[in-house]
Amino acid sequence: MVSATDALILGGTAALYFILGALWYSPVLFGNLWMKTINKTPADLKDGHNMIAAMSVSYLVCLAQVFVMAMVVTHLKVQSVIYSMIIGAMIALAFGLLSAVRSHFYEARNLRLMVIDHGYDIVGGAMAAGLLTALLLS
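Right under this line is the structure:
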């Protein structure tokens, strides 16, 4: 059973993961390079694109990832935030980036796009695992 406090921690960590994505894909970080790589402009993304649905799904994915990460760090009883961050990054690397690398060679996907997209998951996974360890296991 998840307590109300744990639910707030999970929801808040997912929100921070989501905000990291907003920054990651903004001109502040990789947004311009990402749009160039997918051959889109900001206008293209607004036209015919349901941004509310995309952001809602994105938050729900962040929430699911955070929930699984919480299960991992609590099951392992990780006490070190740094160790937890390494575990989070390794999980994202193993299940996200490595799967994408395999697909890249079958489908000739754009390597730059794969690095931008999965770099976000690796950094976000590390951030989420560290926060969860600090907040749930302290």
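The letter at position 16 of the sequence shown is residue 16 when you use our numbering, and the numbering goes up by one with no holes. Quick reminder that beta carbons are idealized off the backbone N, C-alpha and C, glycines included. The structure displayed is predicted, hence computed values, not measured ones.
- Message: Residues in the same chain with beta-carbon distance under 6 angstroms from Val115, minus the five sequence neighbours each way, listed in chain order, please.
- Response: Numbered from 1 along the sequence shown, position 115 holds the residue referred to as residue 115. The answer is none, since no qualifying residue turns up.
- Quick one: is Ile38 buried, meaning 16 or more other Cβ sit within 10 Å of its Cβ, or exposed? Here residue 38 is taken as the residue at index 38 of the sequence shown, counted from 1. It is exposed - the Cβ of Ile38 has fewer than 16 other Cβ atoms within 10 Å.
- Given Phe18 as reference, the closest of Tyr59, Ser26 and Ser99 once Cα atoms are compared: As a position in the sequence shown, residue 18 is number 18, starting the count at 1. Residue Tyr59 is the option with its Cα nearest to Phe18.
- Message: Here's the rule I'm using: 16 or more other beta-carbon atoms within 10 Å means buried, otherwise exposed. How should Tyr106 be labelled?
- Response: Residue numbering aside, residue 106 sits at position 106 when the sequence shown is read from its first letter. Under this definition Tyr106 is an exposed residue.
- Coil, strand or helix - Thr37 by DSSP: Translated into the one-based positions of the sequence shown, residue 37 becomes position 37. DSSP places Thr37 in helix when its eight states are reduced to three.
- Just the C-alpha distance for Ser26 and Ala43, rounded to the nearest angstrom, thanks. Counting from one through the sequence shown, the residue named residue 26 turns up at place 26. Counting from one through the sequence shown, the residue named residue 43 turns up at place 43. Roughly 14 angstroms between the two C-alpha positions.
- Query: Which whole-angstrom value describes the C-beta separation of Ala128 and Val66, a residue pair presumed to lie in contact below a C-beta threshold of 8 angstroms?
  - Reply: Here the question's residue 128 lines up with position 128 in the sequence shown. Here the question's residue 66 lines up with position 66 in the sequence shown. That belief holds up - the Cβ atoms of Ala128 and Val66 are roughly 5 angstroms apart, short of 8 angstroms.
- Query: Start and end of the alpha helix (DSSP H) containing His104?
  - Reply: The sequence position of residue 104 within the sequence shown is 104, counting from 1. Element bounds for His104: Leu98 to Glu107.
- Distance, Ala70 Cα to Thr85 Cα: Looking up residue 85 in the sequence shown gives position 85. Looking up residue 70 in the sequence shown gives position 70. Per the sequence presented here, residue 85 reads as Met, with Thr not at that position. When rounded, the distance between both Cα atoms is 12 angstroms.
- So Val101 and Ile87 are in contact, right, with Cβ under 8 angstroms, and what is the actual spacing, rounded? Within the sequence shown, the letter at position 101 stands for residue 101. Within the sequence shown, the letter at position 87 stands for residue 87. Not quite, the Cβ-Cβ distance comes to about 20 angstroms (not below 8 angstroms), so this is no contact.
- Straight-line gap, Asn110 to Leu29 (C-alpha atoms, nearest Å): Here the question's residue 110 lines up with position 110 in the sequence shown. Here the question's residue 29 lines up with position 29 in the sequence shown. Cα to Cα, Asn110 sits roughly 19 angstroms from Leu29.
- So, are the CB atoms of Ile122 and Ala89 less than 9 angstroms apart? For the purposes of this step, residue 122 is taken as residue 122 along the sequence shown, with counting starting at 1. For the purposes of this step, residue 89 is taken as residue 89 along the sequence shown, with counting starting at 1. Cβ atoms of Ile122 and Ala89: closer than 9 angstroms.
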